[in-house]
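Take a look at the structure set out below.
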Amino acid sequence: MSILEKRTQIATEDIVYRSRPIIASIIIIGGLIGLVAAIGLSVSFGAADIDIGTVWSAIVQYNDELTSHQIIKEIRLPRVLGAALVGACFAVSGSIMQGMTRNPLADSGLLGLNAGSAFMLAICFAFFPGMPYMYIIFFSFLGAALGAGLVFGIGSLSRGGLKPVRLVLAGAAVSALLIALSEGIAIYYRISQDLAFWYAGGVSGTKWENLEIVAPWVVVAFVGAMFFSKSITIISLGEEIAIGLGQRTKKIKFFLAIIVLVLAGIAVSVVGAVGFVGLIIPHITRFLVGHDYRWIIPCSAILGGLLVVLADFAARMANPPLETPIGALIALLGVPFFLYLARKGGEGI
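Mapping the sequence shown onto the numbering used here, position 158 (from 1) lands on 162, and the numbers just tick up by one.
Put into structure tokens, the structure is as follows:
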């Protein structure tokens, strides 16, 4: 048996040994229950508190003559569902990026995707006001691709290859540049107020028509992520091992990159440049369920959705009737978590 075959066998056995399907099943079932409960809680409380019975009747027997039903259906429900969708997008994109690049510090916010999307949104608002939401999403995809391309291009120029900390440093530099350009455009064309929502991060402007447009994209991206989940697991073992097991790594990474751009672009177009969700959730998920991405991806989606729904609820209840930006609340968790990972050399938890 060759050295590569021995390494492949050991790595594969390690993945199987460290997988925890029972815990993963518990997280999926319990997480879904918790997510439904969090959605109900978030819809019930706000500037006008509404009991859970009214929430349920507004969902199953909507009456457009009741003000409480209108508040639930037209304002709160799309907002909360948008938060869950965005959290799932950020978490799954982060888990794919970490597995595909073998970089524990990978996150759409840290590697320039969010800043790239925000930059393209600034261009849309400045030069194409009134653009349909479908086109805004498309430009958000392009912006995410621009940010990622700049970060990986700059990171690959450094000696020693694409090391995690170097990629994060390149991401910080590119993000700062793109955000500065976005702010310059916003000031020059007087669209600062329009962009303030995306900079701060929030789902208050989410409407049913937004969800109807992004939901099919998200479903297709999630299906694609699950289709490639086994390949992500193998690639996370190392390039040589993946090739030895017959994986066409370049093709797989190309499709995975498209999935990541779709998920990150949609998330930013809905909620803004919120960071750290894609960093925190995949690490916690791997710690709980092991390194099999057939479990990591669905568990990350549920836990990511739960995190953003709870963050949105906290943002509304922290200082009513004013709202605290979601990005600021999640950063309170994300920054210490990032520093912890960086201190450990990006080894994960």
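Each residue gets a CB set at the ideal place from its N, CA and C atoms; glycine is no exception.
Item to check | Cross-strand partners of Asn323 (DSSP beta bridge) | outcome: Leu326
Item to check | Selection from Phe342, Ala225 and Leu336 that minimises the alpha carbon distance to Val96 | outcome: Ala225
Item to check | Rounded C-alpha distance that separates Thr253 from Val274 | outcome: 31 Å
Next on the checklist: Our contact map puts Ser46 next to Val84 with C-beta atoms below 8 Å; I'd like the distance itself, whole angstroms only.
Outcome noted: 5 Å
Checklist entry - What does a CB cutoff of less than 7 Å around Glu243 pick up in its chain, not counting 5 residues either side in sequence? => result Thr253
Item to check | Close-in-space but distant-in-sequence residues of the same chain around Ser235 (CB under 7 Å, 5 per side omitted) | outcome: Gln251 and Ile256
Checklist entry - Thinking C-beta only, is Leu171 closer than 8 Å to Leu81? => result no
Checklist entry - Buried or exposed: Glu246, going by 16 or more other Cβ atoms within 10 Å of its Cβ? => result Here residue 246 is Ala; the residue named in the question, Glu, does not match the sequence. Looking at its Cβ environment, which holds 16 or more other Cβ atoms inside 10 Å, Ala246 is buried.
Checklist entry - DSSP three-state call for Gly338: helix, strand or coil? => result helix
Checklist entry - Can you give the Cα-Cα distance for Gly188 and Leu181, rounded to whole angstroms? => result 11 Å
Checklist entry - Where are the alpha helix (DSSP H) runs, 4 residues long or more, that stay fully inside the stretch 206-243, in chain order? => result 212-231 and 233-239
Checklist entry - Smallest Cα separation from Ala219: which of Ser196, Ile270, Gln197 and Ala177? => result Ile270
Checklist entry - In this structure, does DSSP put Arg194 in helix, strand or coil? => result coil
Item to check | Whole-angstrom distance between Gly113 and Pro324, CA atom to CA atom | outcome: 28 Å
Item to check | Spatial distance of Phe342 from His295 (CA atoms) | outcome: 20 Å
Checklist entry - What span of residues does the alpha helix (DSSP H) with Gln74 cover, start to end? => result Thr71 to Ile75
Next on the checklist: I'd like to check one pair, Leu199 with Leu125: are the Cβ atoms closer than 8 Å?
Outcome noted: yes
Next on the checklist: Residues in the same chain with beta-carbon distance under 8 Å from Ile306, minus the five sequence neighbours each way, listed in chain order, please.
Outcome noted: Ile31, Ile32, Gly35, Leu36, Leu39 and Ala92
Checklist entry - Any idea what DSSP makes of Pro25, helix, strand or coil? => result helix
Next on the checklist: Less than 6 Å between C-beta atoms, sequence neighbours within five positions excluded: which residues of the same chain meet that for Ala87?
Outcome noted: Val207, Val312, Val313 and Asp316
Item to check | Sequence-distant residues of its chain with Cβ nearer than 6 Å to Gly147 (five each side left out) | outcome: Gly120, Ser121, Phe123 and Met124
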